[in-house]
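Number of protein chains: 2
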Amino acid sequence: MNIEDAIKLLKEKGYKATGKRKEILVYFEDADGYRSAKDLIQHLELSYEGISFDTVYRNLYLYNEVGILETTELNGERLFRMNCSRHHHHHFICNDCGKTKEISVCPMDEVHHALANYAIEGHKFEIYGRCPGCQLA
Amino acid sequence: MNIEDAIKLLKEKGYKATGKRKEILVYFEDADGYRSAKDLIQHLELSYEGISFDTVYRNLYLYNEVGILETTELNGERLFRMNCSRHHHHHFICNDCGKTKEISVCPMDEVHHALANYAIEGHKFEIYGRCPGCQLA
DNA sequence: TTACAAAACGTAACGATTACGGTATTATAA
DNA sequence: TTATAATACCGTAATCGTTACGTTTTGTAA
Chain A
86 MNIEDAIKLL KEKGYKATGK RKEILVYFED ADGYRSAKDL IQHLELSYEG ISFDTVYRNL
146 YLYNEVGILE TTELNGERLF RMNCSRHHHH HFICNDCGKT KEISVCPMDE VHHALANYAI
206 EGHKFEIYGR CPGCQLA
Chain B
86 MNIEDAIKLL KEKGYKATGK RKEILVYFED ADGYRSAKDL IQHLELSYEG ISFDTVYRNL
146 YLYNEVGILE TTELNGERLF RMNCSRHHHH HFICNDCGKT KEISVCPMDE VHHALANYAI
206 EGHKFEIYGR CPGCQLA
């Protein structure tokens with residue numbers, strides 16, 4: 086998902102593309118990994134002093150709803166990143182910088198037969214550690 | 086992990102086996118799945134009216150430290166269950182009742198070569214849905 | 001049984017998130 | 001371009017789960 090597509094998607098669904106909303110897209114495009122609501126607020130404060138929690142959380146939730154962002158939960162915090170869902174995949178997540186790397190392996194194929202009478206509604210597979218860049222520091 | 090082993094483990098490590106601590110073990114033995122701190126507090130209130138958050142959270146944390154309980158995070162809440170770590174495994178978790186089923190599949194073998202220069206510190210693989218019992222209701 | 005370290009109490013503080021009523025901004029079409 | 005209605009935003013308070021604190025109580029081993 087790039088910024089242009091995201092804005093197009095917003096307008097298609099009848100949402101307005103405001104300055105703040107565009108800035109949020111720029112932030113996540115540059116981030117290239119998971120970021121928290123707090124991270125985003127700190128960034129937006131630079132351009133929009135006194136920005137409201139309501140605005141930030143509402144837009145994060147909206148972006149997740151329409152598929153612009155994807156989300157995970159880590160250490161009691163919800164994290165967000167640009168959605169890159171052309172195909173199903175999972176992520177390595179760097180514990181230091183939040184950057185992610187796509188993993189194409191998905192174990193669900195092997196799992197289905199082990200859960201014959203179970204209704205599967207979702208799954209989560211994530212790998213945590215340090216990316217090459219953060220190991221140098 | 087059963088109650089006897091847990092109490093033995095506690096004493097080995099120099100911790101006291103108090104009435105509340107034993108009751109917590111009984112609760113998780115019966116639960117047979119993930120439970121939240123709030124669930125546990127509600128249960129303990131029956132026998133110990135006015136029990137402190139501090140007591141509950143401290144003991145959950147302690148039990149996790151010494152390996153009596155294992156833990157995961159779901160919908161902004163930390164969940165706990167009896168540790169059954171004879172061998173490495175993952176879980177199906179029922180969205181209704183919290184009960185778990187062991188899954189022996191672990192995708193990490195296939196992942197290592199895809200993350201050659203990454204320092205892997207942990208991973209999470211969970212499947213969510215409804216167990217056979219909860220599909221009937 | 002006594003001493004003392006550990007555990008628990010009661011409660012306040014915390015961080016992340018959600019909620020609200022009022023105001024401002026935006027997209028669209030006349 | 002302006003009017004209008006829908007949407008977005010503000011400022012702030014409330015909520016939820018969790019953590020922290022000083023004091024009191026309890027379990028255990030000498």
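First to last, the sequence lines map onto chains A and B. Quick note: the first sequence uses the working numbering, first residue 86, plus one each step. Quick note: the second sequence uses the working numbering, first residue 86, plus one each step. Ideal placement from N, C-alpha and C gives every residue a C-beta, glycine not left out.
Check	Outcome
Cβ-Cβ separation, G118/B to R163/B (assumed contact under 8 angstroms), whole Å	About 15 angstroms separates the two Cβ atoms, so there is no contact after all.
CB contact check: K209/A to chain B, cutoff 9 angstroms	yes
Listed by chain order, chain B residues near C216/A by CB distance under 9 angstroms	N202, Y203 and A204
Close Cβ partners of M86/B (< 7 angstroms) along its chain, the five nearest in sequence each way excluded	I153, M167, N168 and C169
A222/B, buried or exposed, once every other Cβ within 10 Å from all chains shown has been counted against 16	exposed
Residue-level contact to chain B via CB, C169/A, 9 angstroms cutoff	no
CB of I212/B within 9 angstroms of CB of L200/A, strictly	yes
N-terminal and C-terminal residue of the alpha helix (DSSP H) that A122/A is part of	A122 to S132
Buried versus exposed call for T185/B [16 or more other C-beta atoms within 10 Å across all chains shown]	buried
Cβ-based neighbour list, K105/A, same chain, cut-off 8 angstroms, excluding 5 preceding and 5 following	L129, Y133, I136, T140 and N144
Minimum Cβ-Cβ distance from S121/A to chain B less than 9 angstroms	no
Reference C182/A, options R120/A, N149/A and K93/A, closest by Cα	R120/A
S189/A to L147/B span [Cα, whole Å]	37 angstroms
Proximity to H172/A [Cα-Cα], best of C191/A, I178/A, T157/A and E158/A	C191/A
Proximity winner among E195/B, L125/B and F177/B, relative to E187/B (alpha-carbon distances)	F177/B
Among V151/A, G214/A and A91/A, the one whose alpha carbon lies nearest that of E206/B	G214/A
Closer than 9 angstroms to chain B by CB, Y142/A	no
Pair within 9 angstroms by beta-carbon distance, K101/B and L95/B	yes
Neighbour flag for K96/A against chain B, beta carbons, 9 angstroms	no
Cα-Cα separation between E195/A and N180/B, rounded to whole angstroms	21 angstroms
Residue span of the beta strand (DSSP E) that contains A204/B, given as start and end	A204 to R215
7 angstroms Cβ cut-off: residues of chain A touching Y27/B	Chain B is shown only over 86 to 222; residue 27/B falls outside these bounds and no answer can be derived.
Residue-chain proximity (A91/B, chain A), Cβ-Cβ < 9 angstroms	no
Anticipated Cβ contact below 8 angstroms, K98/B with V151/B, distance rounded	6 angstroms
For H176/B, the three-state DSSP class (helix, strand or coil)	strand
Counted within 10 angstroms of its Cβ, other Cβ atoms place H174/B as buried (16 or more) or exposed	exposed
Helix, strand or coil at R143/B [DSSP, three-state]	helix
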